[in-house]
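Below: one structure, written as structure tokens.
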Amino acid sequence: MAPFDLIIFGGTGDLALRKLLPALFHRYVDGQIVAGTRILGLARDTLGDEAYRERVREALQKTLADDPRSPAALEPFLEMLGYRRIDLSADTGWAELAGELSDESRVRVFYLAVGPDLFGSVGARLQAHGLTGANTRVVVEKPIGHDRASAVAINDALGKVFDESQIYRIDHYLGKETVQNLIALRFGNALFEPLWKAEHIDHVQITVAETVGLERRASYYDKSGALRDMVQNHILQLLCLVAMEPPSSLAADAIRDEKLKVLRSLSPIENGATSQLTVRGQYRAGAVEGRPVPGYLEELGRNDSRTETFVALKAEVRNWRWAGVPFYLRTGKRLTDRMSEIVVTFRQVPHSIFGELAEPIYPNQLVIRLQPDEGVKLWLMNKVPGPGGLRLRRVPMDLSFAETFGGRQPEAYERLLMDVVRGNPMLFMRRDEVEAAWAWIDPIRAAWEASADAPKAYTAGSWGPSAAVALIERDGRTWHEDA
Ligand code: BG6
């Protein structure tokens, strides 16, 4: 790959130091980033190249152990880095930047690791300084707005400056190995697709459970809450990949068209239905992984917040393939384990020939584990070996990525950043997808805000409020436990 320029707005921020630069470093170690590439961190602080490299050097320490080749690569990688001071709301620094980036033949990526309220003005300044030519790509992070109207406004502002094909809306869940593997699993095997429909599938569960709390993001998170932070983007994207029709190819728009159809087929959850179909929670003090932790309000330092740190909901995709198949979604902070998975539960056998069994016949389940231990399990009923008659037991066919493929599993940002440089938007969201996702989320939010009820309390270290258990048990089903 030819040398390129990557410019990170928010170059001293958490995302840049914790995710983007470590991801670029690993791609460098693997030989995908060649000499002559420039990576510039931009922020308001007065900092020289050396001081910036020092910050990045420190940030990269944690990842050095991940790959034995990386210590030797550290210094040459840092050589590619520079720092430029810029004021996003004034003209300071822009002309100099434009002077440095004047070679139009190089791929130029602007990564806007800054708040969405700045996307429009940064875009306008890039345009004013002639930095929007054909080889330019811009990457924007979530949140793209806080509702549909604000997302439309952001998309309009970006659309005034860039062509849609230049805009990469990142959802890092789409860069996770197991998420991409969903496409391989569904469309690279003839086995699943004939069964992938209401006739054979009882229901689908998607869980994204975290053990972390607010971290240092109180001002963002308290305005956002779990519905906007996780469901609107990551979880709905997972749902789309499970539910979409087979695209005709891997072309970005072929996939995005199919995802959009799913989003538009989601049954709206409005006023009357929210209390039946949604549960929101907020954690109280408890213990996570054996460590006592404070409650959300204590972490926040205020006691009047109704922000949800947990959501469970029952969604439905209204089309021929999925009619009557519930999609149970849940996500939360300060839960028992860090664990994300998609569970597809197939229907029961129509008739049992086994008579009285010690163990019931469980329906088959396909479990796609995103984290921590990435892999795929297919739970089947098997005969227990031995002469003592036909005894059945539920056991998994187990494909662990680590065991099967070995080596380190790349982080989501590694794949996604290189896709931007290569100009492949397949794993990024088109504007209509983002807006359709908000259109489904907005009425849920509105109903919650109009309701007198507060989020249900749950103890940190639990699996969320008991109402989330009731949500699924009302339908005679249970949340999947890996047992
Ligand atoms: C981010 C959310 O998008 O995803 C965070 O803003 C969340 O609140 C994070 O913690 C989870 O990502 P991952 O890759 O650790 O599952």
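The sequence shown begins at 1 in full-length UniProt numbering and counts up one residue at a time. Ideal Cβ positions, reconstructed from N, Cα and C, are used throughout, including at glycine. Computed from a predicted model, the values in this text were never measured in an experiment.
Proximity of residue i and residue j at Cβ, strictly below 8 Å
i, j, result
"L131", "I368", "no"
"L97", "R108", "no"
"I170", "L158", "no"
"V293", "R318", "no"
"E210", "P246", "no"
"R85", "G93", "yes"
"G237", "L174", "The amino acid occupying residue 237 in the given sequence is Gln; Gly does not appear at that position. Cβ atoms of Q237 and L174: closer than 8 Å."
"residue 491", "I269", "This structure cannot speak to residue 491, because the chain is shown only from 1 to 483."
"A198", "W322", "yes"
"V161", "L370", "no"
"A460", "G286", "yes"
"L60", "P22", "yes"
"L214", "E299", "yes"
"N155", "E403", "no"
"P143", "R18", "no"
"F401", "E433", "no"
"L416", "L427", "yes"
"G295", "R284", "yes"
"M397", "K383", "no"
"E359", "L392", "yes"
"E141", "L47", "no"
"R57", "T12", "no"
"L277", "K223", "no"
"D49", "Y28", "no"
Distance, residue j Cα to residue i Cα
i, j, result
"R347", "L366", "12 Å"
"D163", "S248", "24 Å"
"A252", "T309", "33 Å"
"L6", "E316", "41 Å"
"R38", "E289", "41 Å"
"I342", "M230", "15 Å"
"L195", "W479", "22 Å"
"R53", "L81", "7 Å"
"L250", "Y413", "20 Å"
"V311", "S466", "12 Å"
"L260", "W438", "12 Å"
"D67", "R408", "7 Å"
"P350", "R148", "44 Å"
"Y111", "V138", "6 Å"
"I361", "F187", "29 Å"
"A450", "G406", "51 Å"
"R69", "T63", "11 Å"
"A51", "L191", "55 Å"
"residue 488", "N135", "The displayed coordinates of the chain run from 1 to 483. Any statement about residue 488 would go beyond what the structure contains."
"A470", "R477", "10 Å"
Residues of its chain near residue i, where Cβ-Cβ distance is below 7 Å and the 5 sequence neighbours each way are ignored
i, result
"G31", "none"
"P455", "R280, G281, Q282, R306, E308"
"V34", "M1, P3"
"S265", "V317, R318, N319"
"V208", "M230, H234, I235, T331, S340"
"W448", "T274, R280"
"L263", "L236, C240, E433, A436, A437, W440"
Beta-carbon contacts of residue i that lie in its chain and below 6 Å, excluding the five residues immediately before and after
i, result
"G133", "E104"
"A184", "none"
"T345", "D202, H203, P363, Q365"
"F25", "L60, F77"
"R430", "R256"
"K176", "L370, A412"
"L40", "I7, G82, R84"
"D91", "none"
Residue i - partner residues in DSSP beta bridges
i, result
"S340", "V208, Q371"
"E414", "Looking at the DSSP assignment, E414 forms no beta bridge with any residue, so it has no partner."
"R291", "V288"
"M381", "R394"
"L42", "F9, R84"
"P326", "E316"
"G332", "A209, F310"
"K456", "G281"
"R169", "V140, M429"
"I201", "F346"
"Q365", "T345, W379"
"L112", "F9, V140"
"S462", "L335"
"L266", "V317"
"L399", "V376"
Neighbourhood of residue i by C-beta, 8 Å cutoff - its chain only, sequence neighbours within 5 removed
i, result
"T336", "A209, T211, V288, G461, S462, W463"
"L88", "F9, R44, V114, L118, S121, V122, R125"
Residue i beta carbon near the ligand GDP (any heavy atom closer than 7 Å)
i, result
"E403", "With respect to the ligand GDP, the structure shown offers nothing to examine, as its ligands consist of the ligand BG6."
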